[in-house]
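Under the numbering used here, the first residue of the sequence shown carries the number 23, and numbering increases by one thereafter. Glycine included, C-beta positions come from ideal geometry on N, C-alpha and C. Small disclaimer: the values here were computed from a predicted structure and weren't measured. To start, the structure under review is shown below, and the notes come after it.
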Amino acid sequence: MTLVHGNVSIPVSLIIEYELRTPILESAGQVVRRLELEELYGTQDGTSKLLFWAFADDFDAFEDALASDGTVESHTRLESFTDRSLYGVTLTDEAAAKLTYPLAAEYNVAIIDITLTDEIVVSARVPSREALLEYRKRCLEKGVGFRVRRIYRENEAEAETETERYGLTEHQREALQTALDSGYFDVPRKATLSEIADELGISDQALSARLRRGQANLLWQTIAGETS
């Protein structure tokens, strides 16, 4: 989408909020209220470091958890306040291989915010839906789970969820997302209808109906809408 100002076309970015499922700090993150990433950078010796704020009641327990977290090579507490502390963490090589920052840079995805509570939630600016789809695909290929929560235009006053935008029920969205992630729509298919139904805990018939109705809603809201 672009806005035209005079004779100049100005592209309007998309803002996306999504969940990442990655092992990085997964164990240590369970003993804090939340983590907020400040910076990620590479050192001259090729290691990857995270700089983040930890919000916790017991920072000694958190540091014990960092010491036993398999994704952490070393850690340092840099600054402390009553409810939060700033940490620098060096990742193991295996953990660094799961980082999605290089892919984000490749597709011009600008990370705005990363927070870890029960899951890792990322807010980012993406140049287009095509770039978002390719970025998500590459994350999944790295073995990093990726689930879109919401997506909206940067100039919109309020975020509009994809479920609301395309008239999907939450069950339809969940079924379509799970089928997509599992490779059900790939050629050849990488998962069967029964396998996906088992994952969702529903019958084959219920899943088939949700997929058909969900796809119909998407088509009516996109292709059919474009011709009206």
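Exercise. Three-state secondary structure (DSSP) at residue 191?
Worked result: Coil, per DSSP.
Exercise. Curious, which full-length alpha helix (DSSP H) runs of at least 4 residues does the stretch 30-88 contain?
Worked result: You should have found no qualifying run.
Problem set entry | residue 234 versus residue 201 - alpha carbon distance | Cα to Cα, residue 234 sits roughly 12 angstroms from residue 201.
For this session: Identify whether residue 109 lies in helix, strand or coil by the three-state DSSP scheme.
Result: The answer is strand: DSSP assigns residue 109 an E or B state.
For this session: Using alpha carbons as the reference points, say which of 191, 229, 142 lies closest to residue 240.
Result: Among 191, 229, 142, the Cα nearest to that of residue 240 is on 191.
For this session: Starting from the C-beta of residue 107, find all residues in its chain whose C-beta is less than 6 angstroms away, skip the five residues before and the five after it, and write them out in chain order.
Result: Taken in chain order, the residues that qualify are 76, 81, 99.
For this session: Have a look at the DSSP bridge pairing and note the partners of residue 174.
Result: Per DSSP, the beta-bridge partners of residue 174 are 37.
Problem set entry | Best match in 131, 64, 101 for proximity to residue 152 [C-alpha to C-alpha] | With respect to the C-alpha of residue 152, the residue from 131, 64, 101 having the closest C-alpha is 131.
For this session: Mind listing, in chain order, the continuous alpha helix (DSSP H) runs of no fewer than 4 residues lying wholly within the stretch 117-143?
Result: The qualifying runs are 123-128.
Exercise. What do you get for residue 55, buried or exposed, if any count of 16 or more other CB atoms within 10 angstroms of its CB means buried?
Worked result: By the beta-carbon neighbour count (other beta carbons within 10 angstroms, threshold 16), residue 55 is exposed.
For this session: Please state if the CB of residue 236 and the CB of residue 194 are separated by a distance shorter than 9 angstroms.
Result: Cβ distance < 9 angstroms, so residue 194 and residue 236 count as in contact.
For this session: Mind checking which residues open and close the beta strand (DSSP E) that includes residue 102?
Result: 94-102 is the span of the beta strand (DSSP E), which, as asked, contains residue 102.
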